[in-house]
Amino acid sequence: MSFTKVYRTLYRHYGPQHWWPGETAFEVMAGAVLTQNTAWSNVEKAIANLKRAQALDPKVITRLPHARLARLLQPSGYFNIKAKRLRNFCAWYLAQGGHEALARLATPVLRRRLLAVNGIGPETADDILLYAFERPVFVIDAYTRRLHSRLGHVRGDEDYETLRALFEKGWRGKGKIRLFNEFHALIVRHAKEICRPRPRCALCCLGEICPARVQ
DNA sequence: ACCCAGGGTCATA
DNA sequence: TATGACCATGGG
Numbered sequence: 430m431s432f433t434k435v436y437r438t439l440y441r442h443y444g445p446q447h448w449w450p451g452e453t454a455f456e457v458m459a460g461a462v463l464t465q466n467t468a469w470s471n472v473e474k475a476i477a478n479l480k481r482a483q484a485l486d487p488k489v490i491t492r493l494p495h496a497r498l499a500r501l502l503q504p505s506g507y508f509n510i511k512a513k514r515l516r517n518f519c520a521w522y523l524a525q526g527g528h529e530a531l532a533r534l535a536t537p538v539l540r541r542r543l544l545a546v547n548g549i550g551p552e553t554a555d556d557i558l559l560y561a562f563e564r565p566v567f568v569i570d571a572y573t574r575r576l577h578s579r580l581g582h583v584r585g586d587e588d589y590e591t592l593r594a595l596f597e598k599g600w601r602g603k604g605k606i607r608l609f610n611e612f613h614a615l616i617v618r619h620a621k622e623i624c625r626p627r628p629r630c631a632l633c634c635l636g637e638i639c640p641a642r643v644q
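My numbering applies: residue 430 is where the first sequence begins, and numbers increase by one.
Dropping the structure here:
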C-alpha cells in the first residue's frame, strides 16, 4: 500500500478540504499555536475573541497584558501557557522583520528559527511552514501516526524527523505543496469521522474506503 | 463520570 | 535518549 493510494482514496471520498481555515497568514500561525493538543472548535472561540478585541495582530498581542491575553484565549484551554507561547511567537515574528522578511528565507533556515521559539515544536513549526508560508513540509501529527500504523506502513512510535523524512521522500515537483496540504487535511478529516482511537470499521481504520477492501 | 482533542516544555534518570 | 508531570477547556 503506497502513500499515493491512501491519498487518492481519501481525496476521492472527501474531496478538497480547503485548509488551513483562516483568513490571513497570521491567523493561520496563531491557530497553529492555539490548537496544540486542543479541539479546533475551542480554538475558533479564542480566535473569535481575538478578532472582537482587535487583537489578532502581532504588535497588539505583544503589548497586551498577560492576564488580558489569557482571558481572550481561555476557551482554547492551557490559556496561561498559550498566552506566553503566542506572545513569544509574536515577539519573534516582529523581531525577524515580519512576514515579508521571513518569506525570503530558505525553508531549512526558517524551520530552524521557528523551532528556536519557546512554544513552537516540530508539528507547530511545520503547520506554519506548510499552511502560512506554503513550503513543502509534511506535517506529522498523532492522526498521521495512527492511520499509517494501522495500515501497517509504520510502527507509529518513530521519532518526528524520521517520519517526516519518510513521508516527504519520493514526491517530485512543485505539486508537493498542494499535495502535503491536502493530504494532512484529509488525514485529520478522516480521523475525526472514522479513524478514531477506537476504530468504527471492523475491517480497518479506513472504513468503507479501506484501501485493502478497494483493491 | 470518563475520554479525547490538529503538542510542547521541563525535570528527572 | 526516554519517560512522566503538567498545562485546561469543551464536546461526545
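Ideal Cβ placement from N, Cα and C applies to all residues, glycine included.
In this structure, the beta-carbon distance from D556 to V546 does not fall below 8 Å. The beta carbons of L498 and I510 sit about 12 Å from each other, so the pair does not count as a contact at 8 Å. Note that the segment 571 to 579 does not touch the segment 522 to 532; fewer than 3 beta-carbon pairs, one per stretch, sit closer than 8 Å. Within the same chain, Cβ atoms closer than 8 Å to the Cβ of Y507 are found at Q465, N466 and T467, the five residues on either side in sequence being excluded.
Cβ contact annotation for K605 (same chain, cutoff 7 Å, sequence separation greater than five): P565, in chain order. Cβ contact annotation for D486 (same chain, cutoff 8 Å, sequence separation greater than five): F455, in chain order. Minimum Cα-Cα distance from Y436 among the listed residues P626, R618, H495 and W469 corresponds to R618. The straight-line gap separating the alpha-carbon atoms of R625 and V538 is approximately 36 Å. Under the three-state reduction of DSSP, I623 is assigned to coil, being neither helix nor strand. Contact between L580 and T438 does not hold, since the beta-carbon distance rounds to 11 Å and is not under 8 Å. With fewer than 16 other CB atoms across the displayed protein chains lying within 10 angstroms of its CB, A594 is exposed.
Annotated three-state conformation of H613 is helix, per DSSP. For P487, the enclosing alpha helix (DSSP H) begins and ends at P487 to R492. Under the DSSP assignment, S578 falls in the alpha helix (DSSP H) whose first and last residues are A571 to R579. With a contact defined as Cβ atoms closer than 8 Å, Y560 and N610 qualify at about 7 Å. Secondary structure note for W600: it is in no alpha helix (DSSP H), with a DSSP letter that is neither H nor E. For E456, the secondary structure class from DSSP, reduced to helix, strand or coil, is helix. Taking C-beta atoms as the reference points, S431 and V472 fail to come closer than 8 Å.
Counted as a single uninterrupted DSSP element, the alpha helix (DSSP H) harbouring S470 occupies residues W469 to R481.
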